[in-house]
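K.L.:
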Amino acid sequence: MRSSTKLASSSARSTRCSPARSIRTRSTTLDNELTQAQRKLRELKARISGQSKKNFLLERDVRYLDSRIALLIQNRMALDEQAEVATHLEEMEGGGEGTFPDDRKRQIYGNLFFLLQSEPRHIGTLTRLVSLSEIDTLLQTVMFTIYGNQYESREEYLLLSMFQNVLAAQFELSTEFGSLLRANTPVSRMMTTYTRRGPGQTYLKNVLSERINNLLEHQDLDLEINPLKVYEQMIVDIELETGAPCQLPRGITQEQASAHADVQAIIGPRLTTLMEIAGNFLSTIIASLDQVPYGIRWICKQIRSLTKRKYPNANDANICSLIGGFFMLRFVNPAIVTPQAYMLVEGSPSRNPRRALTLVAKMLQNLANKSTFSKEPYMAALNHPLAAPAAHGRSRAVR
């Protein structure tokens, strides 16, 4: 009887301990899975940083080749210079054996590296001294070596401190409001390169890829609204349909094409469709403002603060036009116009979707800049319907 009681007691304790043991086992399993997930996340971040550097180097080499090709056409470069161009891209993949510097040189170099990294004002001064043709080499060192860890908070802080120094100097040197951050300068190239780092690319993919891919599905959707191009395409379509030369006059002006009734009938529905597509893009961008990477939001804040300091009478609309010039022109619009370069789509868009994306980007850019389509009057009708959501977006940006 006593043995039976002990058995029952032992069984009860075992039953009570079983859930606790199960919980401990499950907790251990979850801890292991969490550790593995964190390790995988670190590996992915490291791969993104490496790929960003590789992409930058390839873009730099493409620009280099473009300039050399132009020289070849103009000056008929010698054969040995052509060979230099052909082998330029191989330099980043190859690399022969070299000699290691001695301990003293490594120590001096380490001190220099630490000084440049920990005191960003020195790099800020360098960026103001280099020319536009030299900036890519400096950016390669700054963005992907000195501050190459794109997900490390200390390096990000130091890099943004360098941007603060550079932007402050740019504002101090400005002579008029309209010239601020507009020209293609080493500073603007730096800002563009910063947006191409991992966090910025992730944001663009999350926000824009679905909208862009939805548009690319409609490959036959022709949204051309340039009256002259519409008129010329109309003649081609008539000739294909009838098999005979079209009797419509050729070589007319854009104003004459705009006044043509058939051209107006074609463009009207296209304007409506374009406004709907651009409105969807704009709504998506405004809704995602809280997801914008911290560094990009911080640069926007610096633009606002520096503008108020330099031009205290500037109103919110003018300030937002500067912020929009950076955010849209340097960050968002390039991804809309060339989504394949940002790996938002597979392959290059076909002609019709590519033209539609270009028109959408122009609409968004002009809304951000609060400018008019003076050089493209046929697009003037596209601004007004988006004014209200754009104003809402600007008010959120100011806050």
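Per the working numbering, the very first residue in the sequence shown carries number 4; after that it's consecutive. We put the beta carbon where it would ideally sit given N, CA and C, even for glycine.
What residues in its chain sit with their C-beta under 7 Å from that of VAL145, if we drop five residues either side in the sequence?
P.N.:
Reading the sequence shown from its first residue, position 142 is the one you call residue 145. Closer than 7 Å at Cβ, skipping near neighbours: ILE126.
K.L.:
Just to confirm, are LEU362 and LEU285 a CB contact at a threshold of 8 Å?
P.N.:
As a first step, residue 362 is located in the sequence shown; it is residue number 359 there, counting from the start. As a first step, residue 285 is located in the sequence shown; it is residue number 282 there, counting from the start. Not in contact: LEU362 and LEU285 (Cβ atoms no closer than 8 Å).
K.L.:
Reducing DSSP to helix, strand and coil, say where LEU309 ends up.
P.N.:
Translated into the one-based positions of the sequence shown, residue 309 becomes position 306. The answer is helix: DSSP assigns LEU309 an H, G or I state.
K.L.:
To the nearest angstrom, how far is the alpha carbon of MET266 from that of GLN143?
P.N.:
Stepping through the sequence shown from its first residue, residue 266 is reached at position 263. Stepping through the sequence shown from its first residue, residue 143 is reached at position 140. Looking at the sequence shown, residue 266 is not Met but Val. VAL266 and GLN143: Cα-Cα distance of roughly 50 Å.
K.L.:
Give a yes or no on contact between the region 246 to 264 and the region 161 to 175, applying the rule of three or more CB pairs nearer than 8 Å.
P.N.:
Too few Cβ pairs lie closer than 8 Å, so no.
K.L.:
Between the C-alpha atoms of GLU242 and GLN236, what's the straight-line distance to the nearest angstrom?
P.N.:
To locate residue 242, count along the sequence shown from 1; it is residue 239. To locate residue 236, count along the sequence shown from 1; it is residue 233. Distance between the alpha carbons of GLU242 and GLN236 is about 10 Å.
K.L.:
From SER134, ASN152, GLU179, ASN209, pick the residue whose C-alpha is nearest to that of ASN187; which is it?
P.N.:
On the sequence shown, residue 187 is found 184 positions in, with the first residue counted as 1. Looking at the Cα atoms, SER134 is the closest of the given residues.
K.L.:
Return the Cβ separation of GLN371 and SER324 in integer angstroms, given the expectation that the two are a contact with Cβ distance under 8 Å.
P.N.:
On the sequence shown, position 368 is the one that residue 371 refers to. On the sequence shown, position 321 is the one that residue 324 refers to. This sequence places Ala at residue 371; Gln is not what is there. Yes, they are in contact, since the Cβ atoms of ALA371 and SER324 sit about 7 Å apart, within 8 Å.
K.L.:
With a 10 Å radius around its C-beta and 16 neighbouring C-beta atoms as the bar for buried, classify ALA262 as buried or exposed.
P.N.:
Counting from 1 along the sequence shown, the entry for residue 262 is found at position 259. The residue in question, ALA262, is exposed, as its Cβ has fewer than 16 Cβ neighbours within 10 Å.
K.L.:
Pick out whichever of ASN321, PHE147, THR31 has its Cα sitting closest to the Cα of LYS57.
P.N.:
Walking along the sequence shown from the start, residue 57 turns up at place 54. Measuring from the Cα of LYS57, the nearest candidate turns out to be PHE147.
K.L.:
Under three-state DSSP, which class holds CYS249?
P.N.:
As a working note, residue 249 is residue 246 in the sequence shown. Coil.
K.L.:
Quick check: the Cα distance between GLU258 and GLU155, rounded to an integer number of angstroms?
P.N.:
Taking the first residue of the sequence shown as 1, we reach residue 258 at position 255. Taking the first residue of the sequence shown as 1, we reach residue 155 at position 152. If you take the alpha carbons of GLU258 and GLU155, they lie about 56 Å apart.
K.L.:
How is the alpha helix (DSSP H) around LYS108 delimited, first residue to last?
P.N.:
On the sequence shown, position 105 is the one that residue 108 refers to. That run of the alpha helix (DSSP H) goes 106 to 121.
K.L.:
Compute the Euclidean distance between the alpha carbons of MET80 and ASP64, then round it to the nearest angstrom.
P.N.:
As a working note, residue 80 is residue 77 in the sequence shown. As a working note, residue 64 is residue 61 in the sequence shown. With a pLDDT of only 46 at MET80, under 50, the local geometry of the prediction cannot be trusted, and no value is derived from it.
K.L.:
Can you tell which of ASP106, LEU332, GLN343, ALA344 has the C-alpha that lies nearest to the C-alpha of MET366?
P.N.:
Here residue 366 corresponds to residue number 363 of the sequence shown, with the count starting at 1. Nearest of ASP106, LEU332, GLN343, ALA344 to MET366, Cα basis: LEU332.
K.L.:
Hey, would you say ARG358 sits closer than 8 Å to GLU227, going by beta carbons?
P.N.:
The residue you call residue 358 lines up with position 355 of the sequence shown. The residue you call residue 227 lines up with position 224 of the sequence shown. Yes.
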